[in-house]
Structures are given as C-alpha cells and as structure tokens.
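Read the structure below first, then the notes.
Residue numbers (this note's numbering), protein chains in the order written: chain D, 1 to 396; chain E, 1 to 291.
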C-alpha cells in the first residue's frame with residue numbers, strides 16, 4: 001500500500017532466489033483506496049494470499065472472517081514473538097488469537113523546536129504534563145499573539161486519545177459495548193487537552209488549514225507537534241537548510257512521572273487471507289518480510305521503522321539522532337479498542353473535542369453526547385454479542 | 001399496417017427503456033430495499049447478521065442532529081448560491097452578449113474556464129487564497145482595514161467561503177447556456193423596442209427576460225439539482241468541518257456508506273435526498289407554469 005507497495009518489490013528478487021518455484025506478484029494500491037479495495041476483494045472472493053493492512057483495520061477484517069489466525073504457524077516456525085515491541089504485537093491479537101505479524105511500526109511522540117525550548121529555559125524536553133504545560137506557557141509568553149506553543153489539528157483524534165490512555169482511561173466499557181468517556185480518567189485527559197486551547201497555547205485549526213506544516217514549524221509558528229515517524233523523512237527533505245538542526249524528537253510526557261508516557265501502537269502488519277490459494281508459500285513470504293535483515297533493508301527503502309527490535313541495532317537506525325526517541329516510545333505503546341467500529345468512534349471523539357474546543361458545548365455536555373453517539377454506533381455490536389450469548393446458552 | 005405501428009415503436013424505445021431499467025430503476029429499487037435494512041460490514045461477512053429494520057433508518061435520521069445540520073447547510077447553500085449563481089451568470093451573459101463588447105470569444109472562455117478545470121487543483125489554489133496568514137483575500141481585506149479571517153477554519157465563515165468558490169466555479173456553465181438562449185432571441189424584437197423608444201433597462205425587462213424564461217427555468221432546475229448534491233467542494237476543501245459547518249447531505253451519505261460501510265442508513269439518506277430534489281424540482285416547474 002502506498003509507497004510501501006512499490007518499495008517492497010525490491011525485496012522480491014532475493015525471496016524468489018531463496019525459495020525456488022515461488023513467484024511473488026505484488027499489487028501496489030494507494031492508501032486512500034486500500035480499505036475499500038480490500039473489502040471489495042473480500043466480497044468478490046479475490047483476496048491476495050498475503051496482504052498488508054493497517055493495525056486498526058485488523059478487527060474489521062477479523063470480523064469479516066477474511067484473515068487466517070497464525071498461531072499454529074507461529075508455533076511451528078518458532079517465530080520469536082519476544083523480539084517484537086510488545087504493545088505493537090498486542091494490536092495483532094484479537095480474542096487470544098494472532099492474526100498478523102507486525103511489518104513496520106509507528107507511534108506518535110513530540111516533535112519540538114529545541115532552540116525555542118532552550119530560549120524558554122528548558123535544556124531537556126518535558127517529562128511530565130505539568131512541566132510540559134509550564135514550558136508551553138513560557139514559549140507562548142515569548143511568542144506573542146500570532147504564534148503558538150503547540151499545533152494540535154482539531155481533526156486528529158490521536159492526541160486526546162493518547163492523553164486518555166496515559167490516564168488509564170478505558171475509552172469503552174462492558175466488553176467494548178458502551179462508551180466510557182464520562183469516566184473521571186477520560187475527563188482528566190480531556191480537560192488537559194481543552195486547557196491547551198483555553199490558554200491559547202494551541203490554535204483552533206484543522207489539518208486542512210495548515211498550508212505548509214514544515215515551513216510553519218521552521219518559522220516557529222509552533223514549537224511542539226505530536227506526530228509520527230513519517231515526518232522524519234518529510235522533515236529531512238523539507239526542512240530549510242538555514243534552520244538546520246533546530247528540531248528534535250522526544251517521547252511523550254506523562255501525567256504521573258513515569259517516562260516515557262504511553263502513546264499509540266500503530267503501524268502495519270502482514271496477514272494471511274483465509275482460503276489463500278498457496279498458504280504455505282504466503283507464510284514463507286510473510287516470514288521473509290519479518291526477518292531483521294529484510295526489515296533493515298525495508299527501512300532503508302522507505303524509512304518505515306522495523307517491527308523487530310533486533311533490527312534496530314543496525315547503524316542506519318542506531319546512529320540516527322531523531323530515531324532514538326521512537327525506540328524509547330515504542331517500548332510504551334498501547335492499542336486502542338480492537339473492534340471494527342473503532343475508527344468511527346475515534347472520528348466522533350475528534351468531532352466532540354472540536355465542538356468543546358470551539359466552545360459550542362461545555363466539556364461535560366460534549367462527553368455526554370459522545371457517550372450517547374458511541375452507544376448508538378455500538379448497537380449492532382451489542383446485538384451480535386447478545387445473540388451469540390443466546391445461542392451459546394442454548395447449545396449448553 | 002396502422003395496428004402494427006405501436007408494436008414497432010416499442011422495439012425502438014426498448015433499448016432506452018432497458019438501459020433505464022437496468023441502470024436507474026433497478027439500483028433505485030435496490031437502494032430502497034437496502035434502506036430498510038442495517039446492511040453493514042457484519043452483513044457482508046454473514047447474511048445472518050442482516051436485520052430488517054423497517055423505517056428505523058428513517059426514524060433515526062429524523063433524530064440525528066448531524067442529518068439536520070447537513071440538511072440546513074445544504075439548504076443554505078442551495079438557497080444562497082443558487083439564485084446568486086443564476087443572477088451572476090445572467091449578468092455575465094448579457095454583458096458578454098452585448099453588441100459593444102469586443103473579443104466575445106475571449107470573455108466566454110475566461111468565464112467558462114473554471115467550469116472545466118479540475119476541482120482538486122482549484123481547491124488547492126483557493127485554500128491558499130483563503131489562508132488567514134498568507135492568503136491573498138486576507139491581504140486585500142487587510143488593506144481595507146479588516147482583520148484577517150480564517151475563512152475555512154472558522155465555523156461562521158466556512159460555508160460562505162465554499163459558496164463563493166462554488167459560484168466562481170459554476171457561473172461559467174450557466175453563462176454558456178444562457179448565452180445560447182440570448183442568441184436565440186430574434187434581433188427584430190430589439191429593433192422594434194428601439195423604434196418604440198425603450199431604453200436598455202426596459203428592453204431587458206420586456207424582451208430579454210420573457211424570451212429567456214424557458215432557458216432560465218432549465219438553468220434553475222439544473223442548478224438546484226446540482227447544488228443539492230453538493231459534495232466535492234466541502235470534501236476537498238474542508239472535509240465537512242470545521243465543527244460540521246460545511247457538512248452536506250451527500251458528504252454525510254458518503255461518510256456513512258463508504259467510510260463506515262453502513263450501507264443501510266446511507267441508502268436511507270440517499271432516498272430522502274432523492275425525495276427532496278424531486279419535490280423542489282416539481283415546485284420549480286410548477287412555478288414556471290404558473291407565471
């Protein structure tokens with residue numbers, strides 16, 4: 001998918017050389033069309049034997065019954081599961097079964113302007129929420145009315161959710177059948193988030209309003225940005241040479257002093273289609289892609305961070321000063337609720353957060369409305385679980 | 001021989017009827033059927049997960065604040081951009097058609113160009129025009145002493161910004177049709193009006209507009225139908241935001257159906273929109289007949 005779909009073709013010759021008789025046909029599709037394409041391929045019975053998928057899509061395709069569990073194959077081939085980042089591995093496990101092998105990983109952490117932090121009197125990036133907010137207030141005081149301490153695009157649900165996970169908020173409750181956004185834990189995170197806008201530390205803008213993120217970041221329009229590894233490559237390419245070396249990465253701060261604070265487990269996995277025509281060869285291909293050497297090769301091709309921890313000892317990763325924070329952060333990542341409805345719920349979170357940021361609803365009203373909406377989204381899930389419980393009781 | 005004729009006629013219309021049946025009536029019937037189910041990804045996995053929900057999708061729609069927001073935004077868009085677009089197109093067409101105007105072909109092309117450019121490219125440029133800090137619009141207004149406005153980022157202004165852009169994009173199309181209508185008005189009517197001593201304004205009211213009425217109704221109906229299906233502009237410019245202030249009905253339907261795969265509720269939205277457009281079109285046609 002996306003640039004990965006093209007880059008992976010460079011790995012094919014080596015695989016075909018090592019496994020004679022097996023030919024890999026790669027079909028690259030753009031990310032924007034990938035989700036729909038997978039669903040239509042499933043309906044049309046033309047799924048590829050092995051395919052890449054974003055971690056958050058896994059629950060949906062498992063619900064569809066489109067993916068084969070890998071547990072017995074993992075055991076037979078002695079795949080070293082301990083070598084994967086535990087939080088990332090966990091996103092591939094649904095109801096105790098493993099449905100995908102992580103291919104590359106991502107998470108979100110702080111991109112920041114170290115010169116602006118130094119000017120505000122901070123030699124080190126903040127480790128706690130309190131220190132973070134204090135730093136941002138000093139930066140904002142120095143920046144004036146037209147610049148900000150942090151950019152938090154209102155269309156992104158990720159930052160409020162990261163803050164909530166750090167507060168141990170469950171997001172959903174009763175086996176993910178109802179929203180749990182009025183819980184004290186989520187409320188604490190939500191308040192912290194809203195407070196950043198109330199204090200004018202963050203501008204109330206959406207993603208589409210940022211004309212040129214990299215220029216704005218270089219110009220000091222904001223000093224912090226919560227984002228992922230794809231921006232490492234973008235910043236390397238687009239950062240103006242005149243401002244060289246003025247940005248850095250750091251793990252997320254936390255509310256309670258543990259460091260790093262938690263962040264999201266993201267990235268992509270490779271999965272095996274149920275009813276694959278040649279499942280043995282497809283599994284060989286999946287294992288090939290997860291070899292540390294291939295993971296490093298893939299990192300060099302794409303900049304996608306390897307899922308296997310042993311691949312990170314390679315000089316290309318170990319000596320990159322921007323990558324180190326990702327290594328730290330990836331030890332502390334958590335997955336969002338693993339249900340097909342999650343992306344829709346996440347979008348609802350962003351919408352109500354925006355409503356509250358813009359002052360169109362109080363925080364309490366927004367969270368109550370969010371719970372109501374999420375309960376409605378999960379109605380079908382409740383019905384399915386209820387029916388399954390009913391038939392289970394009958395057969396007993 | 002005469003008895004045979006109707007049967008022959010059926011053969012001639014059969015291909016068209018078959019196409020309409022296959023590509024219009026059948027999908028509409030399927031959509032209506034889907035709209036009384038809760039077809040979603042669970043149903044794709046297993047038909048046993050499909051529930052017959054009757055009118056529930058419609059009831060839920062009636063209670064969904066998001067639907068009413070979308071309906072309000074779309075109605076505002078049609079009610080404001082529709083008449084403005086027709087008025088602007090008429091004004092441009094009359095001016096371009098005037099005898100004293102030179103380089104008619106050039107002006108026609110200039111005004112028609114936006115209608116044929118790709119919306120995505122146009123949207124990119126307009127996003128820069130509207131940008132609160134580097135935008136040209138903000139700069140010009142700044143010269144007049146008006147503080148910068150975040151056109152696309154502020155819920156109070158975003159829909160207005162979309163309307164202005166849609167106007168710019170669509171005026172050319174209506175203009176071309178109106179121009180064709182204007183050129184069909186016999187010159188002798190104007191000559192007669194001149195001999196009667198009618199000034200230019202009177203000529204517009206007594207000759208141009210009445211003669212142009214059928215074309216105007218056509219343009220009005222097409223504009224209303226097109227504008228009710230507002231989608232691409234908010235989709236590429238704002239994604240329906242900020243705070244759903246540019247969410248249109250079709251955008252809502254798209255999200256429901258193709259982003260979340262809730263095909264049942266999406267079909268219900270489509271059907272409601274179909275009824276609304278049918279009603280408004282019928283009203284427009286009736287208004288034409290009564291005047």
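Each residue gets a CB set at the ideal place from its N, CA and C atoms; glycine is no exception.
Item: Within 7 Å, strictly: CB atoms of residue 90 of chain D and residue 335 of chain D; Value: yes
Item: Nearest-angstrom Cβ-Cβ length linking residue 35 of chain E and residue 271 of chain E, presumed shorter than 8 Å; Value: 5 Å
Item: Neighbour flag for residue 274 of chain D against chain E, beta carbons, 7 Å; Value: no
Item: Complete alpha helix (DSSP H) runs within the stretch 26–69 of chain E (minimum length 4 residues, chain order); Value: 26–34, 41–45, 56–62
Item: Inter-stretch contact (C-beta, 8 Å, three-pair minimum) for the stretch 103–115 of chain D and the stretch 245–254 of chain D; Value: yes
Item: Cross-strand partners of residue 216 of chain D (DSSP beta bridge); Value: Residue 216 of chain D is not bridged to any residue.
Item: Residues of the stretch 35–50 of chain D with Cβ closer than 9 Å to any Cβ of chain E, in chain order; Value: 35, 36, 39, 42, 43
Item: Beta-carbon proximity check, residue 378 of chain D vs residue 352 of chain D, cutoff 7 Å; Value: no
Item: Given residue 275 of chain D as reference, the closest of D/14, D/350, D/46 once Cα atoms are compared; Value: D/46
Item: Residue from D/391, D/380, D/356 with nearest C-alpha to residue 155 of chain D; Value: D/356
Item: Run of the alpha helix (DSSP H) containing residue 285 of chain E, from where it starts to where it stops; Value: 263–290
Item: When D/200, D/197, D/164 are compared against residue 184 of chain D, the one with the closest alpha-carbon; Value: D/164
Item: Beta carbon proximity, residue 400 of chain D to chain E, threshold 7 Å; Value: What the structure shows of chain D is the stretch from 1 to 396, and residue 400 of chain D is not part of that stretch, so it cannot be assessed.
Item: Three-pair Cβ contact test at 8 Å for the stretch 121–140 of chain D versus the stretch 148–162 of chain D; Value: yes
Item: Buried versus exposed call for residue 191 of chain E [16 or more other C-beta atoms within 10 Å across all chains shown]; Value: exposed
Item: 9 Å Cβ cut-off: residues of chain E touching residue 63 of chain D; Value: 41, 42, 45
Item: Residue range of the beta strand (DSSP E) that includes residue 113 of chain D; Value: 109–113
Item: Neighbour list for residue 231 of chain E in chain D, Cβ cutoff strictly below 8 Å; Value: Within chain D, no residue comes near residue 231 of chain E; the closest Cβ sits about 16 Å away, beyond 8 Å.
Item: Short CB-CB distance (under 7 Å) between residue 11 of chain E and chain D; Value: no
Item: 6 Å CB neighbourhood of residue 221 of chain D in its chain, flanking five on each side removed; Value: 147
Item: Residue nearest to residue 400 of chain D in terms of C-alpha spacing, selected from D/160, D/106, D/135, D/215; Value: The structure shown does not extend to residue 400 of chain D, since chain D is modelled only from 1 through 396, so no value can be given for it.
Item: Exposed unless 16 or more other CB atoms sit within 10 angstroms - verdict on residue 10 of chain E; Value: exposed
Item: Secondary structure of residue 11 of chain E, DSSP reduced to three states; Value: helix
Item: Selected residue, minimal CA-CA separation from residue 7 of chain D, among D/78, D/299, D/374, D/339; Value: D/299
Item: Proximity test, Cβ basis, 7 Å: residue 470 of chain D and chain E; Value: Because chain D spans 1 through 396 in this model, residue 470 of chain D falls outside it and cannot be assessed.
Item: Beta-carbon spacing of residue 248 of chain E, residue 70 of chain E below 7 Å; Value: yes
Item: Cross-chain neighbours of residue 157 of chain E in chain D, by beta carbon under 8 Å; Value: Within 8 Å Cβ-Cβ: nothing; residue 157 of chain E doesn't reach chain D, min ~12 Å.
Item: Alpha-carbon spacing of residue 52 of chain D relative to residue 260 of chain D, whole angstroms; Value: 29 Å
Item: Contact set between residue 384 of chain D and chain E, taken where Cβ atoms lie within less than 7 Å; Value: 42, 49
Item: Pair within 7 Å by beta-carbon distance, residue 88 of chain D and residue 265 of chain D; Value: yes
Item: Pairwise C-alpha distance: residue 177 of chain D and residue 389 of chain D; Value: 14 Å
Item: Interface positions of the stretch 231–247 of chain E facing chain D (Cβ-Cβ less than 8 Å), listed along the chain; Value: 237, 238, 239, 241, 242, 243, 244
Item: Between the CA atoms of residue 67 of chain E and residue 284 of chain E - distance to the nearest angstrom; Value: 24 Å
Item: Neighbour flag for residue 135 of chain D against chain E, beta carbons, 7 Å; Value: no
Item: Beta carbon of residue 100 of chain D nearer than 7 Å to that of residue 269 of chain D; Value: yes
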